[in-house]
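Numbering (UniProt numbering), first residue to last: 1 to 119.
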């Protein structure tokens with residue numbers, strides 16, 4: 001980032017960098033795949049290794065174990081400490097006559113919310 005005296009120019013350059021970076025990475029990936037397809041993968045050391053491990057029984061069970069541990073941790077968190085996963089607005093006392101001003105629906109309900117507000 002080149003930077004500038006004010007934040008505006010720096011923010012614009014940073015946004016441009018973050019916008020262009022995925023395209024640069026995608027182009028580099030496609031170029032890498034093109035070279036890999038044209039020349040093939042090679043073995044620069046020339047060593048022949050027969051120490052191969054099959055994917056299915058070992059890596060599949062390892063991934064299933066990690067997935068099970070993750071699900072168990074999330075289940076324990078959700079069942080024994082559900083307040084940590086909640087929105088802080090859920091803990092304010094409810095007033096059925098007044099809707100808080102900062103409450104907005106999710107983006108996919110905004111059209112219906114706009115219709116209701118116009119009535």
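Backbone N, C-alpha and C fix where the C-beta goes; we use that ideal spot for every residue, glycine too.
Under 8 Å, do residue i and residue j count as touching if we go by C-beta distance?
i: residue 77; j: residue 85; result: yes
i: residue 105; j: residue 113; result: yes
Spatial neighbours of residue i within its chain, please: CB distance less than 8 Å, with the 5 preceding and 5 following residues excluded, ordered by chain position.
i: residue 126; result: It is not possible to answer for residue 126, since the shown part of the chain is limited to 1 through 119.
Give me, in chain order, the residues of the same chain whose beta-carbon lies closer than 7 Å to that of residue i; leave out the 5 immediate sequence neighbours on both sides.
i: residue 29; result: none
i: residue 89; result: none
Is residue i close to chain B, meaning its C-beta is less than 8 Å from at least one C-beta of that chain?
i: residue 16; result: In the structure shown, chain B cannot be found, because there is only a single protein chain.
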